[in-house]
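Asker: Could you have a look at this structure, given as structure tokens, before my questions?
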């Protein structure tokens, strides 16, 4: 997969979420299932933008697949690879960097869906994102930031277990989801 495909996927999810949210406003405003699903999908919007931005900002060749190809210099410089622990035949590299990523101070991966770590350790320090909410230093509502920080793909199971639809101490309701999607739109529109 090429990194610009992550941005295309983010755009697709953003358009779908906005369409679902807009069409839903005309119906019952209390359906927590919808808010939960929009929250879940918003994480993939953000993940797509973050993965795209991390690879683009750090000079990865857009024609090179980020999953099947590797660039030792890139990963040593950024601590980022698609896999958390990539296995590479010893005759292809001069050291065990990829096999020993657990011993690194920071080992960032796309595979784990922890885009928040990529933001914290790679994007926030880049001047390219100074005025961008969440991935840079742009303004963001604290409860929206809290939701983004706590997002993980496992939340897809939470609605089955927790019927009150609270997540991270925040009620998932029309207001917070509206602000979350607005933040996603702002981040998308300001990406590099």
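Residue numbers (this note's numbering): -8 to 183. Virtual Cβ for every residue (Gly too), placed ideally from N, Cα, C. Note that the structure is predicted; figures quoted are calculated from it, not measured.
Kindly give me the distance between the Cβ atoms of residue 38 and residue 106, rounded to whole angstroms, as I take these residues to be in contact under 8 Å.
Answerer: Confirmed, Cβ separation roughly 4 Å.
Asker: Measuring only the C-alpha atoms, how far is residue 5 from residue 11?
Answerer: C-alpha separation (whole angstroms): 10 Å.
Asker: Between which residues of its own chain and residue 41 is the CB-CB distance below 7 Å, once the five residues before and five after are set aside?
Answerer: So the list reads 106, 109, 110, 114, 126, once near-sequence residues are dropped.
Asker: Taking the DSSP output, what are the residues bridged to residue 100?
Answerer: Looking at the DSSP assignment, residue 100 forms a beta bridge with 72.
Asker: Any idea what DSSP makes of residue 129, helix, strand or coil?
Answerer: Three-state result, residue 129: strand.
Asker: Output needed for residue 176: all residues of its chain with C-beta closer than 7 Å, excluding positions within five of it in sequence on either side, in chain order.
Answerer: Excluding residues within five positions, the ones whose Cβ falls inside 7 Å are 5.
Asker: Quick check on residue 34: buried or exposed, where buried means 16 or more other Cβ atoms within 10 Å of its Cβ?
Answerer: Answer is buried; the Cβ neighbour count reaches 16.
Asker: Given residue 135, which residues of its chain have a CB within under 6 Å of its CB, disregarding the five upstream and five downstream residues?
Answerer: Counting only Cβ-Cβ distances below 6 Å, and skipping sequence neighbours, we find 170, 171, 174.
Asker: Please report the residue range of the alpha helix (DSSP H) in which residue 9 lies.
Answerer: It spans -6 to 15 - the alpha helix (DSSP H) in which residue 9 sits, taken as one unbroken run.
Asker: Have a look at residue -6 and residue 118 and give me their C-alpha separation to the nearest angstrom.
Answerer: Going by the C-alpha atoms only, they are around 20 Å apart.
Asker: When DSSP labels each residue in this structure, what does residue 161 get in the three-state scheme?
Answerer: In this structure, residue 161 counts as strand in the three-state DSSP scheme.
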